[in-house]
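Following my numbering, the numbering of the sequence shown begins with 290 at its first residue and continues without gaps. The next block holds one structure in the form of structure tokens; read it before the comments.
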Amino acid sequence: MKSYGERNSEKNILFIEINAMMGYAYRYILYALWEAERLGFTPVIRFNEECAYLEGHPVNGTRNPFEYYFQQPADISLDAVYESKRVFFFEIAHLYRIEKELGNLNPETPVGYIVTETYLSDLAQVARKYIRLNAVTKKMFAESMEKLFPVDFRTKRILGVHVRGTDFALNWKDHPNMVTPDEFFSVTDHLLDGDEAFDYIFLATDDSSRLNTFKERYGEKLLYYEDVHREDGTQNVALSTLDRENTHYLDGLEALRDIYTLAECNGLIAGLSQISIASRIVRLAEKGPFAYMKILDKGIYQG
Numbered sequence: 290m291k292s293y294g295e296r297n298s299e300k301n302i303l304f305i306e307i308n309a310m311m312g313y314a315y316r317y318i319l320y321a322l323w324e325a326e327r328l329g330f331t332p333v334i335r336f337n338e339e340c341a342y343l344e345g346h347p348v349n350g351t352r353n354p355f356e357y358y359f360q361q362p363a364d365i366s367l368d369a370v371y372e373s374k375r376v377f378f379f380e381i382a383h384l385y386r387i388e389k390e391l392g393n394l395n396p397e398t399p400v401g402y403i404v405t406e407t408y409l410s411d412l413a414q415v416a417r418k419y420i421r422l423n424a425v426t427k428k429m430f431a432e433s434m435e436k437l438f439p440v441d442f443r444t445k446r447i448l449g450v451h452v453r454g455t456d457f458a459l460n461w462k463d464h465p466n467m468v469t470p471d472e473f474f475s476v477t478d479h480l481l482d483g484d485e486a487f488d489y490i491f492l493a494t495d496d497s498s499r500l501n502t503f504k505e506r507y508g509e510k511l512l513y514y515e516d517v518h519r520e521d522g523t524q525n526v527a528l529s530t531l532d533r534e535n536t537h538y539l540d541g542l543e544a545l546r547d548i549y550t551l552a553e554c555n556g557l558i559a560g561l562s563q564i565s566i567a568s569r570i571v572r573l574a575e576k577g578p579f580a581y582m583k584i585l586d587k588g589i590y591q592g
């Protein structure tokens with residue numbers, strides 16, 4: 290515990306600092322919020338100076354990258370933390386205990402890729418209570434989806450597909466083995482025919498070559514965002530440089546938009562990925578289970 294001043298003397302503040310890519314960060318936030326609720330503490334969240342989404346100037350009126358996208362989950366501001374009497378710090382080591390208490394299957398690698406429906410449901414309850422997009426983010430997502438989806442999309446069945454490419458091809462230890470386009474096609478193709486067929490596919494991917502492969506196969510049935518930073522190689526998008534204003538902020542915004550757009554779809558096909566897991570949590574928090582879901586699990590690369 291640390292005391293910075295005399296403000297909020299009646300509250301125990303849990304200060305949550307994060308440096309992670311958006312899919313992982315979303316789940317990390319939920320773990321920390323779960324802990325804050327268990328302890329009865331007041332959470333305050335900050336993405337730190339190492340965050341890949343940090344810009345060198347304020348964005349949306351803030352220098353805290355967390356607040357580029359979200360509202361703080363409680364009534365204490367980041368500035369107020371540094372004037373408060375009782376400030377506790379959430380540590381990475383806490384994730385290991387929380388992982389076990391949530392009953393998940395990654396005790397040695399918390400916030401990992403093997404998840405249970407109970408675990409997802411528990412985190413969805415946390416998300417439903419605490420996660421709030423800020424007004425700028427909410428407006429951008431609504432406008433993006435209105436432009437992306439057909440006018441009558443509420444009467445259509447849309448299949449969300451998340452394809453992780455780029456640096457996944459490098460076979461990082463303790464990360465999923467990459468699913469190939471053909472493996473996605475073998476599942477997706479038969480879902481486009483019959484009485485329960487999906488009308489459209491929304492593709493979320495960080496890989497421009499995989500986008501082109503899907504475009505060639507599915508043509509006008511394929512929906513995708515055109516204003517996304519994608520790479521054609523093995524460089525992680527958030528770690529590469531694109532010549533556009535606020536590109537770091539936009540990298541995070543686009544990843545978060547993929548999470549929320551996938552959650553808006555009727556069905557989901559994905560490999561093991563942080564983005565797809567986060568989208569499943571958002572879906573459960575806001576709408577309930579997908580009508581159809583298939584996770585293509587090729588295991589975790591151990592080197």
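The beta carbon of each residue, even a glycine, is placed where N, CA and C say it ideally should be.
Cβ shell of residue i (< 7 Å), same chain only, five flanking positions each side left out
i, result
"residue 506", "474"
"residue 306", "335, 337"
"residue 445", "439, 488, 489"
"residue 411", "391"
"residue 322", "332, 362, 415, 419"
Minimum C-alpha distance to residue i - residue among the options
i, options, result
"residue 315", "328, 354, 367, 299", "354"
"residue 401", "490, 539, 320, 519", "320"
"residue 313", "347, 330, 398, 426", "398"
"residue 379", "327, 394, 509", "327"
"residue 561", "550, 588, 541", "588"
"residue 299", "426, 406, 329, 310", "329"
Own chain partners of residue i with C-beta closer than 8 Å, once the 5 adjacent residues on each side are dropped
i, result
"residue 546", "429, 430, 433, 514"
"residue 484", "none"
Per-residue DSSP class, three states only, for residue i
i, result
"residue 291", "strand"
"residue 342", "coil"
"residue 325", "helix"
"residue 459", "With a pLDDT of 42 at residue 459, under the threshold of 50, the modelled position of this residue cannot be trusted, and the question is left open."
"residue 373", "strand"
"residue 445", "coil"
"residue 336", "strand"
"residue 405", "coil"
"residue 435", "helix"
"residue 299", "coil"
"residue 518", "coil"
Own chain partners of residue i with C-beta closer than 6 Å, once the 5 adjacent residues on each side are dropped
i, result
"residue 452", "494, 499"
"residue 394", "403"
"residue 357", "348, 349, 538"
"residue 292", "374"
Touching or not, the region 374-381 and the region 571-589, by the rule of three or more beta carbon pairs under 8 Å? no
Is the region 576-588 touching the region 541-559, taking contact as three or more C-beta pairs under 8 Å? yes
Closer than 8 Å is the cut-off here; do at least three beta carbon pairs connect the region 413-421 with the region 359-369? yes
Where in the region 550-584 do unbroken runs of the beta strand (DSSP E), each at least 3 residues long, occur, reported from the N-terminal end onward? 556-560
Kindly provide the ranges of any beta strand (DSSP E) runs that are 3 or more residues long and lie completely inside the region 457-510, ordered along the chain. 489-494
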